[in-house]
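One line per chain: the protein sequences are G and Y, in this order. Counting along the first sequence from 1, when you hit position 517 you're at 517 in the numbering used here, and nothing is skipped either side. Positions in the second sequence are counted from 1; adding 1000 to them yields the numbering used here.
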Amino acid sequence: MKALLLISSILLAPLLHATKDGDTSIWRNFELIASKGNLNSGSVKINLPSGQDGSLADVLNKNSALFIKYYSPGSLASSSMRGMGAQHTAILWNGINLQSCMNSILDLNLLPIFFLDKASIETGANAASCGNGAIAGAIILNNEIKENQRVYGEIGVGSFGQFNLGFGSSIKLNKIFLNTRFVSRKADNDFKYYNIFKPDKPKERLQNNLFMQHGIMQEASISLNRKHSFYFNYWYLESKRQLPSAMGVSLLAQEHQDDYNTMVLLKHDYKLNQKSSLLNKIAYTSENINYFNLFYPDAYNAAKSIIVESEFKTQLNRSFELLTSLNNTHQKAWTDGYRSGIERNLSSVFAKLTWVTKSPKLKISIADRQLIANSVLAPVTPDFGVEFQASKSLKIKGNSAYSFRLPSFNDLYWQGGGNLNLLPEKGKKHELSVELKSKNFKLGMTGFYHQVDNWILWVPSGGASSWKATNAKEIESKGFELATEWKYLINSNAFLKFFARYQFVSSINSDVYGPDKSIVGKQLFYTPQQTGIANIQYLFGNNKISLSSTFTGSRYATADNHIDGLLPAYTLLNFSVARDFYYKSFRSSIEFTVCNLLNTNYYVFENRPMPLRNYQMTFKYNINYEQK
Amino acid sequence: MNKNKICSFIAVALIAFSSCKKDQDLKVETENYKGVFVVNEGGFGKSNGSIGLYKPGSRTYLDAFKKANGLPLGDVVQSMSLIGNNFYIVVNNSNKIEVVSQSEFKSVSTISTPSPRYVLDVSYNKAYVSNFYSNSIKVLDLNTNSISKSIEISHNSDQMALMNKKVYVTTFDNKLMVLNSLNDAIVDSIATASGLSKIVNIGASRLAVLCTGVVDWNNGSVIENGKIQIINLGNSIESSFNLSSGSYGGSMVYVSNTALLYFSLGNNVIYKMDLSGNISEFKTLEAGRNVYSLTYNSSNSSIYVTDAGDFNSAGKVMVYDLSGNKTLEFDAGIAPNAILMNE
């Protein structure tokens, strides 16, 4: 503790010596509510702040109103968007959907933020734009090669043996830009918690919770001429982690899991003329998930996908723009549930016509995607959107769309429970957004209504000892989202920055297809009605002081919303101080953060302890050795 | 508004936003622990198992262990046995047996043992504990509430029954292991039909085992129908009766008043069978219900049926008289798997 106080005092000391340089890393990236570039016309796109650390799950947790479900730091993390499941949110990496064909989810803790350049959330993004699985929305992850030669990196240390190391280097070889990044993350995650299963609730250390990850990313880009450019991206991640038990559960099994993820993308951008362009993509993704438990045989699961996509965009005339695409995705997986391997071919055609008028400033779009899965037509996904720029500061947007999610391989083929007769989940939604904007203030408000039929659930079948994937129920999800950001210039050297997000969602079982209707009208379990974040930053000179608060409302641990399973709401407060340093082309920043400042004892999942107050320190640097 | 006011306003707003309720400590309350105990397994790995107590007089239900001890119980509460003046609550995936007093339900002792399933009182001051992951039966010293010995039986073990000072242990390999409770020696093993699932006493000289057959895990089709087998004092299968179907698991209870076995194959039908093998339907539960356990209460001549539902909501307990009329129904905890009377 003394050491931490010493470190914090050393870090705070430079705050007294503010510089006048305004263009520092901590001043940038204010625009979090994106004004354009949405996948669909109805929603508000939220950019995630850059320069963050850890995994995508960590960043979403700190900066969005999404409910991130995870048992413990480092363990499987998934998101709940608009009150729906992780399988209903598309994770698009440079336009490629990373949702696993095995179980339709992606572990957000496996994606190191150091490998990403831009991340955003688009609640309500739908299947016409994103394809299979985007019923609730999308998390959009992009890489953008920065064409200047530099070396950069970060070193982070924190409580519970947290150690993050990232290193990157960009070089230019004639017309080719190369960017290489390495990441290494490790955390013992053996934090102390109150064991409520023992008399007097002694403080104990969490066991079996080690996380380790190493990875490499290689980017390359080349512009052959004005018309042709190529972009290449390769990721390889190796993650090993132990799986902790809930309080009260035996540790005898010593569960642990190894994940190996590979992603490869090649893009060809072809500008046909001033009005038309063609974007071709070929991508390969591979995941291996190996699970170990002392009492059961080792489980080795693997999946691979090859995605080929061609997107043609043309300005038909002053008012009409046409976007079309063809996509073919081939998926194959091997698991203990289908050891001989399962394949699926998904082909889709997409078209979007956008009509823009200047007076009134109106944008109307219609879109549709037709997907064929193993020669069977998937549900159609028509999409209709309107944007109306009422004034300089007011934009109104609306969208109605259909969407769907195909059953995962596990749902269909798992031996002892897989169900070949499953129907795709079908969703429809309506949403209306208002965006208010002034020089230093932005407000986005969205009201939404989703309905999902044929919701797939594993339910007891033919006796209590077996479970079967079933089209079990209908879900109705409605609510609203608020996002705001505000900047107040104190003087030429200092300003205040504030952003907040809030989500209210009522996500209920509107019908159950079986005879037992007891859960009809109940909120989906582990789905809080309210979530929110608020963040205030005071920036002066090269310094930043930040206070952020995340709020997660109460939620039920059981499907029948039994009061005994009601988990209390919790609020976490984080405090950080940061400072930028410059010397010629050397730029660096150092940040010290106190997480869970109020030492709140909280649970995301029932009986799964979470860390009390803890500390992190990160040092980042960037050296440009040849200006662009 | 000057900058200090703005800073103050936002700081106050943030802190107000962050205000939170302190965790409420569980209160330990006194209670009359008489009534119908429900063993609620809970969801595997969730540590939400419990012992519920339904009080027929006031028609109230409470979490007995939490109320008496101010603590949650643990993960996969498998069984509860009354031995002497104590209840032995087996918490399978917490690797422990909680010993609580019959009168106040207060914790007397906590016995650590890997993966226990059932506790059977076998002789004076001695009980056997079956094991899910270990090929042994643990001997429990009831004087000290500690494990005194381990008997290797070469199989994982589950339910047990005592007959003529011998303990019959069901295994997951379709074998009944027979142990002499006096010297803890293995004296015999009996090969049963496939899907050995439950064992019950029929008076003092016979046992019945429910074997639920073989089911294809790929498609749920029944490969081999189940059987009920009667075992006599000589450790031989006296009779074997074919059932009309098979399942992944089932429940069975013997009712001495009617000299009938009541059983279910895990769906919503309860059958009754006399000891000559004549089977008829006792009761079909309403659609959507499934039998997870059957218990007979001789004091009110009723059969208690538990339904685990979706294993993620409160389970149900339904009470039927021997004519098949439902006399009572109440909500229990997650996945109720057994009933024990404390009247």
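Think of the CB as a built atom: it goes at the ideal place given N, C-alpha and C, for glycine as much as any other residue. No experiment lies behind these values; they were computed from the predicted model shown.
>> Below 8 Å on C-beta distance, what does G/Glu606 contact in chain Y?
In response: Lys1046, Ser1047 and Asn1048
> Which of the residues in the stretch 1148-1166 of chain Y, read from start to end, lie with their CB under 7 Å from any CB of chain G?
Replying inline: none
> Ordered along the chain, which non-local residues of its own chain (more than five positions away) have a Cβ less than 7 Å from that of G/Ala483?
Replying inline: Ile33, Val44, Ile46, Gly444 and Arg501
> Roughly how many whole angstroms lie between the Cα atoms of G/Ile26 and G/Phe191?
Replying inline: Note that G/Ile26 has pLDDT 37, beneath the 50 cutoff, so the model's placement of it is unreliable and no number is given.
>> Excluding the 5 residues flanking G/Gly95 on each side, which residues of the same chain have their C-beta closer than 7 Å to its C-beta?
In response: Lys281
>> Quick check on Y/Ile1223: buried or exposed, where buried means 16 or more other Cβ atoms within 10 Å of its Cβ?
In response: exposed
> So with Cβ pairs under 8 Å, would you call G/Val249 a contact of chain Y?
Replying inline: yes
> Between the stretch 533-549 of chain G and the stretch 83-99 of chain G, do three or more beta carbon pairs fall short of 8 Å?
Replying inline: no
>> Please report whether the beta-carbon of G/Ala559 lies at a distance below 8 Å from any beta-carbon of chain Y.
In response: yes
> What residues from the stretch 408-432 of chain G come within 7 Å of chain A, judged by C-beta to C-beta, listed N to C?
Replying inline: The structure shown contains no chain A; the protein chains it does contain are G and Y.
> Mind listing which residues of the stretch 510-537 of chain G have their C-beta closer than 8 Å to chain Y's C-betas, in chain order?
Replying inline: Gly514, Pro515, Asp516, Ser518, Ile519, Phe525, Gly532, Ala534 and Ile536
> Can you find at least 3 beta carbon pairs, one from the stretch 508-522 of chain G and one from the stretch 95-107 of chain G, that sit closer than 8 Å?
Replying inline: no
> How do the stretch 412-420 of chain G and the stretch 386-404 of chain G stand: do at least 3 beta-carbon pairs fall below 8 Å, yes or no?
Replying inline: no
> Three or more beta-carbon pairs under 8 Å between the stretch 1226-1244 of chain Y and the stretch 1210-1217 of chain Y, yes or no?
Replying inline: yes
> Does the beta-carbon distance from G/Met247 to G/Pro528 come in below 8 Å?
Replying inline: no
> Do G/Leu48 and G/Ser120 have their C-beta atoms within less than 8 Å of each other?
Replying inline: yes
>> Taking a contact to mean a Cβ-Cβ separation below 8 Å, would you say G/Leu629 touches G/Cys130 in this structure?
In response: No answer is possible for residue 629 of chain G: the residues shown for chain G start at 1 and end at 628.
> Does DSSP put G/Lys473 in a helix, a strand or coil?
Replying inline: strand
>> One question on the structure: do Y/Ile1334 and Y/Asn1048 come within less than 8 Å of each other, judged by their Cβ atoms?
In response: yes
> Relative to the C-alpha of Y/Tyr1133, which residue among Y/Thr1144, Y/Val1122, Y/Leu1142 and Y/Tyr1118 is closest?
Replying inline: Y/Tyr1118
> Taking only runs of the alpha helix (DSSP H) that begin and end inside the stretch 121-191 of chain G, which ones reach a length of at least 4 residues, in chain order?
Replying inline: 127-130
> I think G/Gln162 touches G/Gln451, with their Cβ atoms under 8 Å apart; what is that distance to the nearest whole Å?
Replying inline: G/Gln162 to G/Gln451, Cβ: 42 Å. No contact.
>> Does the CB of G/Pro609 have a neighbour CB from chain Y at under 8 Å?
In response: no
> Going straight from the alpha carbon of G/Asn143 to that of Y/Asn1131, what length do you get?
Replying inline: 53 Å
>> Across the stretch 183-190 of chain G and the stretch 202-220 of chain G, are there enough close Cβ pairs to call them in contact, namely three or more that are closer than 8 Å?
In response: yes
> G/Ile563 by DSSP, collapsed to three states: which one?
Replying inline: helix
> Where Y/Tyr1087 and Y/Val1077 are concerned, what is the direct C-alpha to C-alpha distance, given to the nearest angstrom?
Replying inline: The residue asked about is misnamed: residue 1087 of chain Y is Phe in this sequence, not Tyr. When rounded, the distance between both Cα atoms is 13 Å.
> Applying a beta-carbon distance threshold of less than 9 Å, which residues of chain G neighbour Y/Tyr1128?
Replying inline: Under the 9 Å cutoff, chain G gives no residues; its nearest Cβ is about 21 Å from Y/Tyr1128.
> DSSP beta-bridge partners for Y/Cys1211?
Replying inline: Y/Leu1196 and Y/Lys1227
>> Within a Cβ cutoff of 7 Å, which residues of the same chain sit near G/Val376, ignoring the five residues on either side of it in sequence?
In response: none
>> Let's test the definition: count the other Cβ atoms within 10 Å of the Cβ of G/Glu435 and tell me whether it reaches 16, buried, or not, exposed.
In response: buried
>> Using the Cβ count rule (16 or more neighbours within 10 Å means buried), how would you classify Y/Pro1072?
In response: buried
> So what does DSSP say about G/His88, is it helix, strand or coil?
Replying inline: helix
> Does any CB atom of chain Y fall closer than 8 Å to the CB of G/Val107?
Replying inline: Correcting the residue identity first, residue 107 of chain G is Asp in this sequence and not Val. No, G/Asp107 does not count as interfacial toward chain Y.
> What residues from chain Y crowd round G/Thr197, counting only those whose CB sits closer than 9 Å?
Replying inline: Note that residue 197 of chain G is Phe in the sequence shown, not Thr. What G/Phe197 touches in chain Y: Ser1047, Leu1071, Pro1072, Leu1073, Gly1074 and Ser1094.
>> Run through chain G and tell me which residues come within less than 8 Å of Y/Pro1114, C-beta to C-beta.
In response: Ser250 and Leu252
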